[in-house]
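The sequence shown: position 151 = 156 (our numbering), numbered continuously. Single-structure report; data block below.
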Amino acid sequence: MRYLCLLLLVFLPFGSVNAMDAPGMAVIPVADPQGARDLSLTLWYPAHRGSPRAVTGNAVFLGPHAVPGAEPDPGPFPLVLLSHGGIRSSPDSGAWLGAMLAVAGHVVVEVNAPWPKSARAGADEIWRRPEDMKRAMEAVLGDPRWAGRIDRARISAVGFALGGTAALALSGHRFDPDAVMRSCSDTSGPECAWYAAGGVALETLARAPLARSYQFPGLFAAVAIAPEYSDVLSRYGATRAAPSLVIALGETDEGRDASARLAGNGGNVRLVTLAKADPFDAFPLCTPAGPEILLQEGGDPALCGRSAQVRRTVHAALVERILSFLANPGK
Numbered sequence: 006m007r008y009l010c011l012l013l014l015v016f017l018p019f020g021s022v023n024a025m026d027a028p029g030m031a032v033i034p035v036a037d038p039q040g041a042r043d044l045s046l047t048l049w050y051p052a053h054r055g056s057p058r059a060v061t062g063n064a065v066f067l068g069p070h071a072v073p074g075a076e077p078d079p080g081p082f083p084l085v086l087l088s089h090g091g092i093r094s095s096p097d098s099g100a101w102l103g104a105m106l107a108v109a110g111h112v113v114v115e116v117n118a119p120w121p122k123s124a125r126a127g128a129d130e131i132w133r134r135p136e137d138m139k140r141a142m143e144a145v146l147g148d149p150r151w152a153g154r155i156d157r158a159r160i161s162a163v164g165f166a167l168g169g170t171a172a173l174a175l176s177g178h179r180f181d182p183d184a185v186m187r188s189c190s191d192t193s194g195p196e197c198a199w200y201a202a203g204g205v206a207l208e209t210l211a212r213a214p215l216a217r218s219y220q221f222p223g224l225f226a227a228v229a230i231a232p233e234y235s236d237v238l239s240r241y242g243a244t245r246a247a248p249s250l251v252i253a254l255g256e257t258d259e260g261r262d263a264s265a266r267l268a269g270n271g272g273n274v275r276l277v278t279l280a281k282a283d284p285f286d287a288f289p290l291c292t293p294a295g296p297e298i299l300l301q302e303g304g305d306p307a308l309c310g311r312s313a314q315v316r317r318t319v320h321a322a323l324v325e326r327i328l329s330f331l332a333n334p335g336k
């Protein structure tokens, strides 16, 4: 039944979703005692009561249907920690994925952190993201409303772009500090132009946070969709990492090389390529006005992809691969 509901949520037009198809949704603030990095957690979870409505959307991207504040089903359910997007990604950009995984029987926690206020702050996001995911997990497991609804033996991390890198770090993959510091040596890496414009030299980054392990020893599995900075993950720790799935979007040289590097590090890493997808297909469906708004604001209309149907198809394929892997990551 839940798989049928999942397909309905993916393929039916917006406005055609009823309460049996839509997940519940809740928002939990997580304060930083030092006041520097408060988090906002968006929870997507199995629920069957209430009136669904479109949530988390904006002028460019459509949001999924959910029932805000719905009473959660009893559980216990597997927990997915979700980090979606690059350094300057929008809040709840992974809402479409969180909602679909919730309909399939997971509690999903999308971790939203503050935008970095400068390029220098942005350069630290590579190690702050896995820390954020750990804080999110601790907050949910420490919340009486949710603690009893979580299967603590099935806690997984899923991420896209820099979020995918964070998921791999949480699984036990380690950063090579020297490789991180060299990642803009040819200016082609993520956000290198932004760093250069802000006068940030990655060679000056603090080494200690990059050398630290961010592994959560009890992690069940990790999924990384088109992870960034895959070439800065070292061999050290890979063989002790939790089972990981890396999904490449498209058959670009960059995607193939990233997958090959991760496989070469050893450990339990499974590789999948969605040949007909591209990295933008991990973003939500766009509104009809989305491409024009992006163009007017100096953005890239390609974020909206080729068509809504193609993006729905890619979303369905991603969810299918993720659910299949999380059902039996050790296989």
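Backbone N, C-alpha and C fix where the C-beta goes; we use that ideal spot for every residue, glycine too. Nothing here was measured: the structure is a model prediction, and the numbers come from that model.
Handout entry: Backbone CA spacing between F333 and L300 [nearest angstrom]
Key = Numbered from 1 along the sequence shown, position 328 holds the residue referred to as residue 333. Numbered from 1 along the sequence shown, position 295 holds the residue referred to as residue 300. Residue identity differs from the one stated: residue 333 is Asn in this sequence, not Phe. Answer to the nearest angstrom: the Cα atoms are 43 Å apart.
Problem - Length of the line joining the Cα atoms of F16 and H178 - result: The sequence position of residue 16 within the sequence shown is 11, counting from 1. The sequence position of residue 178 within the sequence shown is 173, counting from 1. With a pLDDT of 42 at F16, under the threshold of 50, the modelled position of this residue cannot be trusted; read the value that follows with caution. If you take the alpha carbons of F16 and H178, they lie about 35 Å apart.
Practice task
Have a look at M105 and V324 and give me their C-alpha separation to the nearest angstrom.
Solution key: The sequence position of residue 105 within the sequence shown is 100, counting from 1. The sequence position of residue 324 within the sequence shown is 319, counting from 1. In a straight line, the C-alpha of M105 is about 7 Å away from that of V324.
Problem - Cα-Cα separation, T278 to L67 - result: Locating residue 278 in the sequence shown gives position 273, counting from the first residue. Locating residue 67 in the sequence shown gives position 62, counting from the first residue. Whole-angstrom Cα-Cα distance: 26 Å.
Exercise for the section: Determine the DSSP secondary structure at G60, reduced to helix, strand or coil. Expected result: Walking along the sequence shown from the start, residue 60 turns up at place 55. Per the sequence shown, residue 60 should be read as Val rather than Gly. Coil at V60, not helix or strand.
Problem - Beta-carbon proximity of L48 to A31, cut-off 7 Å - result: Counting from one through the sequence shown, the residue named residue 48 turns up at place 43. Counting from one through the sequence shown, the residue named residue 31 turns up at place 26. Closer than 7 Å, so yes.
Problem - Nearest neighbour of L87, chosen from W101, R154 and G80 [CA to CA] - result: Taking the sequence shown and counting its residues from 1, one reaches residue 87 at position 82. With distances taken between Cα atoms, L87 lies closest to W101.
Handout entry: Where P334 sits in the DSSP three-state scheme
Key = Position 329 of the sequence shown holds residue 334. If DSSP states are grouped into helix, strand and coil, P334 belongs with coil.
Handout entry: Run of the alpha helix (DSSP H) containing Y234, from where it starts to where it stops
Key = For the purposes of this step, residue 234 is identified with residue 229 of the sequence shown, where counting begins at 1. First-last for Y234: undefined, no H or E at that position.
Handout entry: Three-state class that DSSP yields for A280 in the structure shown
Key = As a working note, residue 280 is residue 275 in the sequence shown. In this structure, A280 counts as coil in the three-state DSSP scheme.
Practice task
Could you pull out every residue in the same chain whose Cβ sits closer than 6 Å to the Cβ of C309, ignoring the five residues on either side in sequence?
Solution key: Within the sequence shown, residue 309 is the residue found at index 304, counting from 1. Contacts found: C291, G295 and P296.
Practice task
Just the C-alpha distance for A321 and N63, rounded to the nearest angstrom, thanks.
Solution key: Numbered from its first residue, the sequence shown carries residue 321 at position 316. Numbered from its first residue, the sequence shown carries residue 63 at position 58. Near 22 Å, if we compare the C-alpha coordinates of N63 and A321.
Exercise for the section: With distances taken Cα to Cα, identify the nearest neighbour of H53 among S329, A109, A201 and G203. Expected result: Within the sequence shown, numbered from 1, the residue matching residue 53 stands at position 48. H53 has its Cα closest to that of A109, out of S329, A109, A201 and G203.
Handout entry: Touch test, the segment 128 to 139 against the segment 55 to 62, Cβ-Cβ under 8 Å, three pairs minimum
Key = no
Problem - Closest residue to A213 among D183, S190, F221 and A229 (Cα-Cα distance) - result: Here residue 213 corresponds to residue number 208 of the sequence shown, with the count starting at 1. Of the listed residues, the one whose Cα sits closest to A213 is D183.
Handout entry: Backbone secondary structure at P69 - three-state DSSP
Key = Residue 69 sits at position 64 when you count from the first residue of the sequence shown. DSSP places P69 in coil when its eight states are reduced to three.
Exercise for the section: Output the distance between the C-alpha atoms of E196 and P79, rounded to the nearest integer angstrom. Expected result: The residue given as residue 196 occupies position 191 in the sequence shown. The residue given as residue 79 occupies position 74 in the sequence shown. Looking at the two C-alpha atoms, the distance is approximately 43 Å.
Practice task
Just tell me which of V145, P34, V116 and G303 has its CA closest to the CA of R133.
Solution key: Position 128 of the sequence shown, counted from the start, is the residue given in the question as residue 133. The shortest C-alpha separation from R133 is found at V116.
Problem - Inter-stretch contact at 8 Å, needing at least 3 Cβ pairs: the segment 185 to 201 / the segment 222 to 242 - result: yes
Practice task
Would you tell me roughly how many angstroms separate the C-alpha atoms of D1 and A27, rounded to the nearest one?
Solution key: In the structure as shown, the chain starts at 6 and stops at 336, and residue 1 therefore has no counterpart that could be examined.
Practice task
Would you tell me roughly how many angstroms separate the C-alpha atoms of L207 and A216, rounded to the nearest one?
Solution key: Within the sequence shown, residue 207 is the residue found at index 202, counting from 1. Within the sequence shown, residue 216 is the residue found at index 211, counting from 1. The alpha-carbon atoms of L207 and A216 are separated by roughly 15 Å.
Problem - Nearest candidate by alpha-carbon position, reference G242, set G272, D129 and D286 - result: Taking the first residue of the sequence shown as 1, we reach residue 242 at position 237. Closest by alpha carbon: G272.
Exercise for the section: Just the C-alpha distance for R240 and N270, rounded to the nearest angstrom, thanks. Expected result: Locating residue 240 in the sequence shown gives position 235, where the first residue counts as 1. Locating residue 270 in the sequence shown gives position 265, where the first residue counts as 1. Cα-Cα distance, rounded: 5 Å.
Exercise for the section: Would you check if the distance between the CB atom of V85 and the CB atom of V163 is smaller than 7 Å? Expected result: Your numbering for residue 85 matches position 80 in the sequence shown. Your numbering for residue 163 matches position 158 in the sequence shown. Going by C-beta atoms, V85 is nearer than 7 Å to V163.
Problem - N- and C-terminal bounds of the beta strand (DSSP E) containing F298 - result: Taking the sequence shown and counting its residues from 1, one reaches residue 298 at position 293. Sequence check: residue 298 is Ile here, not Phe. Counting along the chain, I298 falls outside any beta strand (DSSP E), though it belongs to the alpha helix (DSSP H) covering G295 to Q301.
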